Amino acid sequence: AQRVTQPEKLLSVFKGAPVELKCNYSYSGSPELFWYVQYSRQRLQLLLRHISRESIKGFTADLNKGETSFHLKKPFAQEEDSAMYYCALIIQGAQKLVFGQGTRLTINP
Amino acid sequence: DAMVIQNPRYQVTQFGKPVTLSCSQTLNHNVMYWYQQKSSQAPKLLFHYYDKDFNNEADTPDNFQSRRPNTSFCFLDIRSPGLGDAAMYLCATSRDLGIYGYTFGSGTRLTVV
Numbered sequence: 011a012q013r014v015t016q017p018e019k020l021l022s023v024f025k026g027a028p029v030e031l032k033c034n035y036s037y038s039g040s041p042e043l044f045w046y047v048q049y050s051r052q053r054l055q056l057l058l059r060h061i062s063r064e065s066i067k068g069f070t071a072d073l074n075k076g077e078t079s080f081h082l083k084k085p086f087a088q089e090e091d092s093a094m095y096y097c098a099l100i101i102q103g104a105q106k107l108v109f110g111q112g113t114r115l116t117i118n119p
Numbered sequence: 004d005a006m007v008i009q010n011p012r013y014q015v016t017q018f019g020k021p022v023t024l025s026c027s028q029t030l031n032h033n034v035m036y037w038y039q040q041k042s043s044q045a046p047k048l049l050f051h052y053y054d055k056d057f058n059n060e061a062d063t064p065d066n067f068q069s070r071r072p073n074t075s076f077c078f079l080d081i082r083s084p085g086l087g088d089a090a091m092y093l094c095a096t097s098r099d100l101g102i103y104g105y106t107f108g109s110g111t112r113l114t115v116v
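Chains A and B, in that order, are what the protein sequence lines are. Per this note's numbering, residue 11 is the first one in the first sequence, and the count goes up by one each step. Per this note's numbering, residue 4 is the first one in the second sequence, and the count goes up by one each step.
And the structure:
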């Protein structure tokens, strides 16, 4: 089955501490993976995509095909990073973006 | 700003009374999607239009239908809403396969009374 797993529903860290949000996937082909973020009372928005190999708001994510993971990392958390984070995978051919269950990240002052 | 707009933001409907949610976009994206998101759950794809071609998910109830009269607009029709259909409904768009990402609207929160 093609799926995305985010093992942590809640994650709480202190400001300035490193953050890692875990994402594992199951997919038979070459995966197209994304991280989406939803800040309080805002729309779901794209944070970053693995094909771009970019850093957005200090976040990075590396695709590890051996471990089938796409963890989201930031070396120093900021209070404005508090949000709901979704890892997502495109099911090619089915024209479908499948989401993990999401991780609610809280940054404590 | 080019964007995806959903109306209304909040919709209250009576049990069994048909309701329509609307979505418009100024991005000129050829694919439009409807997702259902229930409390504390991930968004779940209901169906999508690739250009004019309608694609229904296998587990989407028959109660849910969609129309796309032109590139810019897409509608979600719920023929006979039940209490279990109360949720946030998200519209999204993408260019082709969506490898550059999807753009989401702010959603419509549907309450069934």
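Positions of the beta carbon are idealized from the N, C-alpha and C atoms, including for glycine. These figures come from a predicted structure and were not determined experimentally.
#### Entry: Element boundaries [beta strand (DSSP E), containing Glu60 of chain B]
The residue given as residue 60 of chain B occupies position 57 in the second sequence. Neither: Glu60 of chain B is in no beta strand (DSSP E) and is coded neither H nor E.
### Message
Checking 7 Å against the spacing of the C-beta atoms, do Arg16 of chain B and Pro84 of chain B come in under that value?
### Response
Start at 1 with the first residue of the second sequence, and residue 16 of chain B comes out as number 13. Start at 1 with the first residue of the second sequence, and residue 84 of chain B comes out as number 81. Just to set this straight, residue 16 of chain B is Thr in the shown sequence, not Arg. Taking 7 Å as the Cβ cut-off, Thr16 of chain B and Pro84 of chain B qualify as a contacting pair.
### Message
Below 8 Å on the Cβ atoms is my contact criterion, and I expect Lys83 of chain A with Val14 of chain A to pass it. Report the Cβ-Cβ distance as a whole number of Å.
### Response
Taking the first sequence and counting its residues from 1, one reaches residue 83 of chain A at position 73. Taking the first sequence and counting its residues from 1, one reaches residue 14 of chain A at position 4. For a cut-off of 8 Å, the C-beta gap from Lys83 of chain A to Val14 of chain A is around 17 Å, too long to register as a contact.
#### Entry: Endpoints, the beta strand (DSSP E) within which Val7 of chain B is located
Residue mapping note: residue 7 of chain B aligns to position 4 of the second sequence, counting from 1. Here the beta strand (DSSP E) through Val7 of chain B covers 7-10.
### Task
Below 7 Å CB to CB, which residues in the same chain sit around Leu49 of chain B once its five sequence neighbours on both sides are set aside?
Taking the second sequence and counting its residues from 1, one reaches residue 49 of chain B at position 46. Taken in chain order, the residues that qualify are Trp37, Tyr38, Gln39, Glu60, Thr63, Phe67.
### Query
If we cut at 7 Å on Cβ distances, does Phe69 of chain A have a partner in chain B?
Position 59 of the first sequence, counted from the start, is the residue given in the question as residue 69 of chain A. It does not: the Cβ of Phe69 of chain A has no partner Cβ on chain B nearer than 7 Å.
### Query
Which residues does DSSP pair with Asp80 of chain B in a beta bridge?
As a position in the second sequence, residue 80 of chain B is number 77, starting the count at 1. DSSP, once it has assigned bridges, lists B:Thr23, B:Gln68 as partnering Asp80 of chain B.
### Query
Helix or strand or just coil, what does DSSP make of Glu89 of chain A?
Indexing the first sequence from 1 puts residue 89 of chain A at position 79. Note: Glu89 of chain A maps to helix in three-state DSSP.
### Message
Quick check: the Cα distance between Lys47 of chain B and Pro11 of chain B, rounded to an integer number of angstroms?
### Response
Locating residue 47 of chain B in the second sequence gives position 44, counting from the first residue. Locating residue 11 of chain B in the second sequence gives position 8, counting from the first residue. Taking the Cα positions, Lys47 of chain B is about 20 Å away from Pro11 of chain B.
#### Entry: Sequence-distant residues of the same chain with beta carbon closer than 6 Å to Ala95 of chain B, five excluded per side
By one-based count along the second sequence, residue 95 of chain B stands at place 92. Cβ within range, chain order: Tyr36, Tyr105, Phe107.
### When A:Thr116, A:Phe109, A:His81 are compared against Gln12 of chain A, the one with the closest alpha-carbon
Taking the first residue of the first sequence as 1, we reach residue 12 of chain A at position 2. For Gln12 of chain A, the closest of A:Thr116, A:Phe109, A:His81 by C-alpha to C-alpha distance is A:Phe109.
### For His60 of chain A, three-class secondary structure by DSSP
Mapped onto the first sequence, residue 60 of chain A falls at position 50. Note: His60 of chain A maps to helix in three-state DSSP.
### Query
Of all Cβ atoms in chain B, is any one closer than 7 Å to the Cβ of Arg59 of chain A?
Here the question's residue 59 of chain A lines up with position 49 in the first sequence. Taking Cβ atoms only, chain B reaches closer than 7 Å to Arg59 of chain A, which makes this a yes.
#### Entry: Uninterrupted beta strand (DSSP E) stretches inside the stretch 70-114 of chain A (no shorter than 3 residues)
DSSP runs (the beta strand (DSSP E)) wholly in the stretch 70-114 of chain A: 82-84, 93-101, 106-109.
### Task
Tell me Cys94 of chain B's beta-bridge partners as DSSP assigns them.
Along the second sequence, read from residue 1 onward, the residue named residue 94 of chain B stands at position 91. DSSP output for Cys94 of chain B lists B:Trp37 as bridge partner(s).
### Query
In the stretch 55-89 of chain B, which residues sit with their C-beta less than 7 Å from some C-beta in chain A, listed in chain order?
Residues of the stretch 55-89 of chain B with a Cβ closer than 7 Å to any Cβ of chain A, in chain order: Asn58.
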